[in-house]
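Protein sequence lines correspond, in order, to chains L and W.
Heads up: the first sequence begins at 7 in our numbering, then just goes up one per residue.
Heads up: the second sequence begins at 149 in our numbering, then just goes up one per residue.
For reference, the structure is listed below as structure tokens.
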Amino acid sequence: MIAETLPFVGPAIQWFDISPLLALLAGALLLLLGGALTPQWPRGWYAAVSCATAGVAGFLTYILWGDIANGGPTTLVGGAVALDRFALFATMTICGSLMLVSLITNDHLNRQGEDAPEVYGLYLIAAIGGIIMVSANDLIVLFLGLETLSLSLYVLAASNRRRAESEEAGLKYFILGGFSSAFFLYGVALVFGSVGSTNLGTIAEVLANEQTIPGNDALLLVGIALLLVGFAFKVSLVPFQMWAPDVYQGAPTPVTAYLASIGKVAALAALIRVFIVAFPSRMDDWRPAIMVLAVLTLLVGSVLAVVQTNVKRMLAYSSISHAGFMLVGLEAASHRNSLDPNTGVSASLTYLLLYSVIVIGTFGVVSLVSGVGDSAPSLDDMRGLSQRRPLLALGLTVLLLAQAGVPLTSGFVAKFGVIQSAVTSGSYVLAIAAMASAVIAAFLYLRIMVSMWLSAPVTDSPLRIPLASGVAIGFAVLFTLALGLVPGWLLDAARDLAQFASR
Amino acid sequence: MIAFPILTMLVVLPALGAIVVSLIGRFHLEWVKLAALITSVTTGAMSVWMLVKFPSGAAGFEFVSKHSWISQWGISWHLGVDGISLFLVVLTGVLFPIVIVGVKVLHDEKPYLAWLLLLEAGLMGSFLSLDLFLFFVFFEIVLVPMYFLIGGWGYDRRVYAATKFFLYTMAGSAFMLVGIIATAVLARDDVGSLTFNVIEIAEKANFSIATGRWLFVAFALGFAIKIPLFPLHTWLPDAHTEAPTAGSIILAAVLLKMGTYGLLRFGIYLFPEASVWARPVIFTLAVIGILYGAIVAAMQTDLKRLVAYSSVAHMGFIVLGIFALTRQSMSGGVIQMVNHGVSTGALFLLVGMIYERRHTRQIDELRGIQHVAPIFAGFFMVVMLSSIGLPGLNGFVGEFLILIGSFQTARWWVVVATSGVVLAALYLLWAYQRVFHGEPDEANQSFRDVTLREGALLSAFVAVIVFTGVYPKPILDRVDPSVKVLLEHVEQNTTYRQPHSVGEASG
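This is how it looks when you write it as structure tokens:
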């Protein structure tokens with residue numbers, strides 16, 4: 007029998023279709039190898055390479071985006087990787103976020119006098135992992151992406167060796183992240199055990215035809231549950247959020263921005279793809295779990311955010327509650343009777359994109375305020391920012407209002423989208439929970455604004471705004487306002503995100 | 149020729165003014181003031197011009213301007229004005245230049261003026277929007293400048309008051325947002341496509357009874373906080389008391405009206421069945437508000453807080469009139485919105501002047517002002533009497549129409565509410581007596597009488613008060629047709645019939 011097995015034939019690889027990954031890989035190698043073999047580059051060059059690489063990858067993604075209009079969604083590398091609008095939209099989000107984060111990292115490292123290529127190299131590698139996650143059409147490939155992303159992030163979180171908090175953050179993240187990876191892998195094994203495949207398309211097909219191995223439905227459900235737990239850790243959904251505040255607070259601020267944007271995009275997009283593509287026939291089983299997670303995440307995240315005094319910790323909890331909003335979109339997409347199944351998925355991904363820009367801008371300002379040493383700033387450090395730097399304070403105000411979901415900012419468009427998808431599918435409970443969470447969280451953003459505008463400054467030390475950070479924050483603010491005014495083109499772009507490639 | 153888009157300009161011009169003001173350097177304060185003044189005066193002039201051009205007797209929406217905005221969601225920039233919103237728009241347009249000229253600011257004039265103009269844009273937009281989404285955008289946007297005005301230029305507990313104001317209102321609008329989206333989504337089948345157009349939804353959508361009631365509750369909750377209806381009023385005394393004078397004036401005169409206006413335009417128009425169904429509860433809350441507001445106002449020691457609580461009582465009357473669903477009571481409600489805006493706005497202006505001179509608003513520290521400042525006392529008297537509802541002044545017209553109209557459909561509530569009129573006389577006259585009568589002590593001896601500028605501003609208020617009181621016909625002629633159409637809409641869609649004994653809403 008064994009002798010009759012066909013010889014192993016490697017799958018055909020469409021090199022151009024994975025060119026964004028290749029571009030990032032090339033950039034990472036250039037930084038790591040080139041950086042190691044050459045003397046210190048002039049100030050800002052490492053960041054420039056990282057930024058340019060992300061830009062090239064983003065541009066290639068844009069070209070692929072156009073190709074899909076002709077070719078339709080397909081899978082690559084033997085069905086392991088999906089090439090569809092969903093993957094490309096998330097990839098573009100990751101590339102754009104990477105550019106912004108690189109910019110604020112540059113100034114952060116320069117302030118510490120530690121400009122070095124390793125951080126950027128890890129950024130690029132983590133982004134590769136993230137892109138693999140959002141486009142993986144196979145649970146094993148997804149796991150590879152997850153580990154690539156996570157391992158880089160563990161190191162990044164601990165990358166400020168002078169601060170004990172940073173090391174603590176890295177270790178905590180590593181241990182809990184290791185747990186979650188184990189959960190995830192166990193889930194993959196159980197799903198494989200009951201269905202006989204790790205390919206998302208095949209899983210969906212088998213389950214749709216009810217060809218599961220008899221009596222293994224419990225195995226499958228446990229597998230799905232473990233996958234969900236693994237994802238919930240990565241996305242930091244309540245009650246799996248314990249690591250997030252500590253890590254967000256301890257990690258260097260630009261890394262925190264990275265975690266809150268790219269880390270979230272990758273894990274959440276992968277979660278959506280796996281559950282919508284592979285397990286649509288078990289929607290009724292996992293929808294309640296998503297709903298409970300969403301409600302808990304929304305409410306616990308915002309309530310705990312309000313009682314914090316450390317700005318990074320506040321933003322960490324607020325980021326948790328934002329993840330709840332994104333889940334609302336997934337829950338909406340899981341209703342079979344929903345009038346328009348696209349809206350939930352599109353709304354979630356749009357939310358991810360808009361939130362990423364907002365949160366990077368916010369952490370960019372926080373990074374500037376915390377200054378040399380990158381001590382985690384308390385609310386008092388924000389006091390009187392409007393008198394020290396009125397424009398910076400105005401920018402942060404716009405970003406905070408956007409997080410609160412005030413109209414004419416992109417944050418409102420994002421919230422409107424998910425609430426609309428929830429209402430369309432009849433999930434009124436979730437819609438109301440989400441809005442309640444928004445109101446509670448608004449108090450938090452108001453507290454920061456009060457500190458900035460209505461309190462006298464505690465220090466007169468000048469606050470320098472370096473060029474790169476200024477560009478990144480300025481872009482984030484303008485993007486937030488522009489998308490709040492004319493969101494039409496983005497909604498158009500996000501319209502067909504739910505047409506997944508699975509075969 | 150394309151008609152001049154006056155309504156769009158009414159919204160855009162103040163917003164542009166805010167941007168211009170914030171762009172001018174802070175060392176050119178004169179330019180800042182000039183820019184703010186020009187914008188607000190031009191906006192005011194345009195609103196008056198619109199009032200002149202508004203055809204008397206027209207019932208539909210005039211000057212409509214409609215452009216697609218976010219076509220994916222069926223959202224458009226859709227503005228229009230009818231008899232219900234007309235005078236609120238004019239009030240907003242005229243009040244802002246008065247506030248900008250008449251109220252002194254002690255510090256940071258530039259951001260103050262920028263926020264004020266942005267607030268005007270938001271308020272104009274709220275009253276003019278005929279698109280639910282657009283309305284919500286403006287309804288929420290108003291919070292931001294008001295928050296900063298209270299928080300930045302208010303009195304001692306300003307941060308607390310501003311935060312409370314923001315969170316209360318935002319909580320209300322959160323439910324409203326879910327309601328708005330649900331309305332549009334559920335109306336999609338009846339209308340044919342997803343749209344937030346108020347008129348289309350109201351005319352075509354056919355909600356089931358239970359759905360309509362739920363949606364109405366979602367809307368009404370948001371508006372009830374804004375009005376504020378008892379027991380959701382607790383943000384108001386704090387916000388009013390701590391706000392700077394300009395903030396209090398605008399809060400009382402215009403901001404609160406967003407709630408009552410919203411109930412008329414969106415509550416009753418979109419969900420007539422639910423509005424009829426909810427009347428007993430709303431009447432009861434309104435009447436409790438009238439009595440409670442009056443009694444609490446009588447107990448206040450702070451003059452500004454007293455006026456704030458009187459607002460709770462007056463807004464109760466307006467809500468009572470609107471939901472009594474007769475032509476007289478609803479026209480009365482609309483007119484009373486404007487009247488309350490004028491008289492309470494003027495009262496806050498006067499209280500602000502007292503504070504400027506004496507640096508206190510405590511009633512027991514003021515006395516005998518009538519002796520040293522007779523003209524000031526005279527203005528205060530007229531404004532106060534208008535607030536009480538003395539015949540011949542504007543307050544009477546609205547209150548009388550409300551009471552007589554509501555008597556047909558909400559008899560026992562009206563009987564109780566009428567005692568609120570008496571109580572209003574009690575707390576206001578008593579306050580007047582304590583502040584203005586008697587012999588002035590040393591601190592009050594130097595109370596300066598009105599300056600020319602103050603006198604001119606107050607005269608404008610008094611002119612409106614007297615004119616409306618003596619000759620309300622021009623206003624009624626413009627309000628009544630729209631109210632009539634709204635009532636017909638209610639009767640078409642429900643079993644409710646307004647009592648036939650009611651004749652024409654008289655002029």
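Where is the CB? At the ideal position from N, CA and C, for every residue including glycine.
Note that this is a predicted model, so its numbers are computed, not measured.
Beta-carbon within less than 8 angstroms of residue i's beta-carbon, same chain only, minus the 5 sequence neighbours each way: which residues are those?
| i | result |
| --- | --- |
| W/D589 | R515 and G516 |
| W/G655 | Reliability fails at W/G655, whose pLDDT of 40 lies under 50, so the model's placement of it is uncertain and the value that follows must be treated cautiously. So the list reads P620, K621, L624 and D625, once near-sequence residues are dropped. |
| L/A442 | L304 and L305 |
Taking residue i as the reference, give the member of the options with the closest Cα.
| i | options | result |
| --- | --- | --- |
| L/R389 | L/A273, L/T430, L/S461 and L/S325 | L/S461 |
| W/L549 | W/V570, W/L495 and W/I470 | W/I470 |
| L/A75 | L/L191, L/R91 and L/G85 | L/R91 |
| L/A482 | L/D73, L/L155, L/A263 and L/G269 | L/A263 |
| L/I294 | L/V280, L/L277, L/Y323 and L/E337 | The displayed chain sequence assigns Pro, not Ile, to residue 294 of chain L. Considering only alpha carbons, the answer is L/E337. |
| L/L391 | L/G480, L/R288 and L/S467 | L/S467 |
| L/L70 | L/D23, L/T44, L/A224 and L/W47 | L/D23 |
| W/Q220 | W/A309, W/S594, W/F323 and W/F344 | W/F344 |
| W/G231 | W/S630, W/L634 and W/L199 | W/S630 |
| W/L498 | W/S188, W/F211, W/K258 and W/F584 | W/F584 |
| W/R336 | L/I278, L/T430, L/L469 and L/A266 | L/T430 |
| L/L227 | L/V312, L/V241, L/Y192 and L/S242 | L/Y192 |
| L/I326 | L/V456, L/L232, L/L274 and L/D386 | L/L274 |
CA-CA distance, residue i and residue j?
| i | j | result |
| --- | --- | --- |
| W/V251 | W/G500 | 8 angstroms |
| L/V283 | L/V363 | 27 angstroms |
| W/G299 | W/T393 | 13 angstroms |
| W/I416 | W/G327 | 14 angstroms |
| W/L297 | L/R453 | 16 angstroms |
| W/H507 | L/L397 | 34 angstroms |
| W/R596 | W/I246 | 21 angstroms |
| L/G136 | L/D121 | 24 angstroms |
| W/T191 | W/A166 | 13 angstroms |
| L/S381 | L/I146 | 39 angstroms |
| L/P17 | L/L155 | 24 angstroms |
| W/L433 | W/F378 | 6 angstroms |
| W/P656 | W/L267 | For residue 656 of chain W there is no data in the structure shown, the boundaries of chain W being 149 and 655. |
| W/L227 | W/L577 | 42 angstroms |
| W/L261 | W/I248 | 8 angstroms |
So what's residue i in DSSP terms, helix, strand or just coil?
| i | result |
| --- | --- |
| W/H637 | helix |
| L/T80 | strand |
| L/V144 | At residue 144 of chain L the sequence reads Asp, which differs from the Val that was named. Residue state, collapsed to three classes: strand. |
| L/A420 | helix |
| L/I268 | helix |
| W/F344 | coil |
| W/D338 | helix |
| W/H215 | strand |
| W/E587 | coil |
| L/D23 | helix |
Give me, in chain order, the residues of the same chain whose beta-carbon lies closer than 6 angstroms to that of residue i; leave out the 5 immediate sequence neighbours on both sides.
| i | result |
| --- | --- |
| L/P493 | V419 |
| L/I110 | P260, G370, S373, S475 and A478 |
| L/L402 | V371 |
| W/P647 | Q556 |
| W/A422 | G360, R361 and F364 |
Among the residues of its own chain, which have a CB less than 7 angstroms from the CB of residue i, if the five just before and after it don't count?
| i | result |
| --- | --- |
| W/S341 | G222 |
| L/S108 | A53, S56, C57, A60, Y126 and Y129 |
| W/G441 | Y457, S458, V460, A461 and G464 |
| L/N112 | G50, A53 and A474 |
Return the Cβ separation of residue i and residue j in integer angstroms, given the expectation that the two are a contact with Cβ distance under 8 angstroms.
| i | j | result |
| --- | --- | --- |
| L/N143 | L/N215 | Actually they do not touch by this definition, with Cβ atoms about 19 angstroms apart. |
| L/A188 | L/V253 | That belief does not hold up - the Cβ atoms of L/A188 and L/V253 are roughly 18 angstroms apart, past 8 angstroms. |
| W/M160 | W/M198 | Note on identity: in this sequence residue 160 of chain W is Val, with Met being the wrong assignment. Going by Cβ atoms, the distance from W/V160 to W/M198 rounds to 14 angstroms, so no, they are not a contact pair. |
| W/T449 | W/K374 | No, W/T449 and W/K374 are not in contact; Cβ-Cβ is about 27 angstroms, not under 8 angstroms. |
| W/H388 | W/L399 | 6 angstroms |
Starting from the beta carbon of residue i, find every residue of chain B whose beta carbon is closer than 8 angstroms, and list them in chain order.
| i | result |
| --- | --- |
| W/F296 | The structure shown has no chain B; the protein chains it does contain are L and W. |
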